[in-house]
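Inspection log for the structure reproduced underneath, given as structure tokens.
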Amino acid sequence: MQIASKLPDVGITIFTKMSKMANEYGAINLSQGFPDFPVDPQLIDLVHHYMKEGNNQYAPMPGHPVLREAIAAKTENCYGWRPNPDQNIMVTCGAIEAIMSTIAALINPGDEVIIMDPAYDAYEPIINLQGAQAVGVPLRATDYSIDWKLVWEAITEKTKMLIINSPHNPSGAILSKEDLEALEDIVDETGLLVLSDEVYEHIVFDGAEHQSVLRSESLRAHAIVVSSFGKTFHATGWRMGYLIAPEALMVEIRKVHQYNTFTIHTPTQLAIADYLKDESKYMGVSPMYQEKRDFFLDVMKESKFKPVPSHGTYFQLMNYSAISDQYDVDFAVWLTKEVGVAAIPMSVFYQDGTDNKVLRFCFAKGEETLSAAAEKLCAL
Ligand code: GLN
Numbered sequence: 023m024q025i026a027s028k029l030p031d032v033g034i035t036i037f038t039k040m041s042k043m044a045n046e047y048g049a050i051n052l053s054q055g056f057p058d059f060p061v062d063p064q065l066i067d068l069v070h071h072y073m074k075e076g077n078n079q080y081a082p083m084p085g086h087p088v089l090r091e092a093i094a095a096k097t098e099n100c101y102g103w104r105p106n107p108d109q110n111i112m113v114t115c116g117a118i119e120a121i122m123s124t125i126a127a128l129i130n131p132g133d134e135v136i137i138m139d140p141a142y143d144a145y146e147p148i149i150n151l152q153g154a155q156a157v158g159v160p161l162r163a164t165d166y167s168i169d170w171k172l173v174w175e176a177i178t179e180k181t182k183m184l185i186i187n188s189p190h191n192p193s194g195a196i197l198s199k200e201d202l203e204a205l206e207d208i209v210d211e212t213g214l215l216v217l218s219d220e221v222y223e224h225i226v227f228d229g230a231e232h233q234s235v236l237r238s239e240s241l242r243a244h245a246i247v248v249s250s251f252g253k254t255f256h257a258t259g260w261r262m263g264y265l266i267a268p269e270a271l272m273v274e275i276r277k278v279h280q281y282n283t284f285t286i287h288t289p290t291q292l293a294i295a296d297y298l299k300d301e302s303k304y305m306g307v308s309p310m311y312q313e314k315r316d317f318f319l320d321v322m323k324e325s326k327f328k329p330v331p332s333h334g335t336y337f338q339l340m341n342y343s344a345i346s347d348q349y350d351v352d353f354a355v356w357l358t359k360e361v362g363v364a365a366i367p368m369s370v371f372y373q374d375g376t377d378n379k380v381l382r383f384c385f386a387k388g389e390e391t392l393s394a395a396a397e398k399l400c401a402l
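Using my numbering, the letters of the sequence shown map in sequence onto residues 23 to 402.
Written as structure tokens, this is what we have:
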């Protein structure tokens, strides 16, 4: 059979590969980003309650009104602006469906979309599926910050959208107020769309404030902002994401969503709506993860791995050049099979596969798991 692949250069994602290898070799899995500790029993009881109460049929296509209302209230509480639940909010099957539906709805063949380099691995293939081009702008090598001069230089008459991601997966870098101002200048002058992936919005460290594009009136007029209850409430398997966008864009995005996932798990939407009434449930996430980051750094301090500061997300980059000069993918495979710890090689996030001898470790784990991994890593 002859198949003209739409993604000829894409294989199975590194997250799936490394988790599978970790399972096969019985390695401690700090590769794919997911927490290994339980969801709050109160939230599980709420899902159960709404199921038993009979809320088991289709929710409305854009999301249950009760959850959209709760998202509007949370957004106002966090960023000082209240989106309209009917016009501006949609509940999605994980953040990835929000990203997929947005790009499929708004990007046409021949368009260019600017992404940062390194970037989360999903953006480029989704852009390519539309017959469009991803144009990478290199982040600064030292701290993974954005050089806005390079962003300006990458803009052509074909550029339709800019994708930003703060806190940034894989680096843990976060955008500052000045970054948002630089982005405002671009959007004000060019009218570009901004897809802002903010799934780690509630995992920001050392007293920093998450700089959501929703804080800015001119940005939110052009922005699609994506977030994730999976990340915030340690339930990545529940596939609960959402997006916030101006009405004119939302009309188009919902056209894709209605023929894709159509609606999202009803009892979970109702449960999360209730749970969001207590702001400590999301405000308390950053300190919990900061403790984990600090614990991981502490148990790793005698190792030869050199940490790169992580300001947000549940990832910690570590440079291993004092241990090996192997290509990072090979080193990650070796580490999984021979040492018993799985991590993600950083080169997979670069358009050209840049290898800086850096691995990404997920610290969303219990202390015993992090200690056991560190013991193995410190022996190198
Ligand atoms: N977002 C997760 C990570 O960065 C991976 C999700 C997935 O496996 N697709 O590790």
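Even for Gly, the Cβ is constructed at its ideal location relative to N, Cα and C. The structure presented is a predicted model; accordingly, all values stated were derived computationally and were not measured.
- Close beta carbons around GLU98, own chain, < 6 angstroms, minus the five adjacent residues each side: Result list for GLU98: ARG104, in chain order.
- Query: At which residues does the alpha helix (DSSP H) containing GLN152 begin and terminate?
  - Reply: GLN152 -> no alpha helix (DSSP H), and no H or E assigned at all.
- Over what stretch of residues does the alpha helix (DSSP H) that includes ILE294 continue unbroken? Note, ILE294: alpha helix (DSSP H), 288 to 297.
- Message: Shorter than 6 angstroms, the distance from the beta carbon of PHE37 to the closest heavy atom of the ligand GLN, or not?
- Response: PHE37: yes, Cβ under 6 angstroms from the ligand GLN.
- Could you work out which residue in LEU381, SER234 and SER53 is closest to ARG101 when comparing CA atoms only? Reading off the sequence shown, one finds Tyr at residue 101, where the question assumed Arg. Nearest Cα to TYR101 within the set LEU381, SER234 and SER53: SER234.
- Task: Determine the burial state of ILE25: buried for a count of at least 16 other Cβ atoms within 10 Å of its Cβ, exposed for fewer.
- Result: That one is exposed.
- Task: Compare the beta carbon distance of VAL278 and HIS244 with 7 angstroms and say whether it is the shorter of the two.
- Result: Between VAL278 and HIS244, the C-beta gap is not smaller than 7 angstroms, which leaves the two residues out of contact.
- Thinking just about the alpha-carbon of each residue, which of ALA141, THR212, THR178 and GLU179 is nearest to the one in SER404? Residue 404 lies beyond the residue range present for the chain, which begins at 23 and ends at 402; the question has no answer from this structure.
- Task: From the DSSP output, in three-state form, read off ILE34 for me.
- Result: Three-state result, ILE34: coil.
- With a cut-off of 8 angstroms on the beta carbons, I'd call SER53 and ALA365 a contact; round off their distance for me. Taking 8 angstroms as the upper bound for CB-CB distance, SER53 and ALA365 are in contact here, some 5 angstroms apart.
- Which whole-angstrom value is the C-beta distance of ARG315 and GLN338, which I expect to be below 8 angstroms? Taking 8 angstroms as the upper bound for CB-CB distance, ARG315 and GLN338 are in contact here, some 6 angstroms apart.
- Ordered along the chain, which non-local residues of its own chain (more than five positions away) have a Cβ less than 6 angstroms from that of VAL330? Once the five neighbours on either side are set aside, the close Cβ partners of VAL330 are LEU339.
- By the 10 Å Cβ neighbour count, where 16 or more other Cβ atoms means buried, how is GLY116 classified, buried or exposed? Buried is the call here.
- Nearest-angstrom Cα separation, counted from TYR145 out to ILE121: When rounded, the separation of the alpha-carbon atoms in ILE121 and TYR145 is 8 angstroms.
- Query: Is GLN79 helix, strand or coil by DSSP?
  - Reply: Coil.
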